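Working notes, beginning with the structure itself.
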Ligand SMILES: [Zn+2]
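Numbering (the numbering used here), first residue to last: 79 to 339.
Structure follows, in structure tokens:
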């Protein structure tokens, strides 16, 4: 199956458990039988499947969301940016395009083939959140240039030596997330000034979420979803530098549902 077929297949499975045909055949069948009744009950879910297929073709977020979920990456909907404002509609919003759409935030993250399409059918332009920590098996070294993160990162690398090449997410605002395999234990909240560490209790936005700057979040690799399942381990040397008395706030790893970048 190629990507298009696999994604369409995911949609069809998500919306109709009964459909077992391959998605390519399914779409052809659906289009050729629109308005007809190939078998009893089929007309009831044709429109849903077609909506799914159409959404897939028209929405750039939509397709990626399904690819994440199909690959076992849990996602949840996050507010986005529209006309320079947060989709929550509050003029005073301090977390534009970055806070969860749902009540339980990252705890609503799922790979469920029904819930994921349902979220983005309800909010087609929602940004995409991915929980860090055990939920996804991913932890993120969060470099914030506004707080000196770039300089700290250079200093840190000079101390610990070369780090394994890994998947990097670039936010639309100049920040970066270096992603590693989560070690499954409690992590410090920060490694140095301007460098946070996101594990259990946090989340990050993943591409192609939209940033307030008008730019979209981007991956540095062409096959990010595949890379997410094969991340290198978080280098112990990074943690050791902190344990040795490096700068950074004391443990404050659980920041609650609103934690993100
Ligand atoms: Zn908002």
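Ideal placement from N, C-alpha and C gives every residue a C-beta, glycine not left out.
The structure presented is a predicted model; accordingly, all values stated were derived computationally and were not measured.
Contact test: residue i Cβ vs ligand 1 heavy atom, cutoff 6 Å
| i | result |
| --- | --- |
| residue 171 | yes |
| residue 217 | no |
| residue 289 | no |
| residue 157 | yes |
| residue 166 | yes |
Anticipated Cβ contact below 8 Å, residue i with residue j, distance rounded
| i | j | result |
| --- | --- | --- |
| residue 245 | residue 305 | 4 Å |
| residue 177 | residue 210 | With 8 Å as the limit, residue 177 and residue 210 do not qualify as a contact, their Cβ atoms being about 16 Å apart. |
| residue 315 | residue 216 | With 8 Å as the limit, residue 315 and residue 216 do not qualify as a contact, their Cβ atoms being about 19 Å apart. |
| residue 258 | residue 317 | Incorrect: roughly 11 Å between the Cβ atoms, too far for contact. |
| residue 151 | residue 189 | 7 Å |
In DSSP terms, what residue i is bridged to
| i | result |
| --- | --- |
| residue 155 | 206 |
| residue 229 | In DSSP, residue 229 forms no bridge with anything. |
| residue 220 | 255, 274 |
Residues of its chain near residue i, where Cβ-Cβ distance is below 7 Å and the 5 sequence neighbours each way are ignored
| i | result |
| --- | --- |
| residue 205 | 156, 157, 158, 175, 283, 287, 288 |
| residue 153 | 143, 146, 147, 187, 194, 206, 207, 208 |
Own chain residues within Cβ distance below 6 Å of residue i, not counting five before or after
| i | result |
| --- | --- |
| residue 203 | 158 |
| residue 114 | In this prediction, residue 114 has a pLDDT of 48, which is less than 50 and means its spatial position is unreliable; what the coordinates show is noted afterwards. Around residue 114: no qualifying Cβ. |
| residue 135 | Reliability fails at residue 135, whose pLDDT of 46 lies under 50, so the model's placement of it is uncertain and no value is given. |
| residue 296 | 248, 285 |
| residue 292 | none |
| residue 290 | 159, 174, 175 |
| residue 255 | 218, 220, 247, 282 |
Contacting residues, own chain, Cβ-Cβ under 8 Å from residue i (five flanking each side not counted)
| i | result |
| --- | --- |
| residue 226 | 271, 272 |
| residue 235 | 241 |
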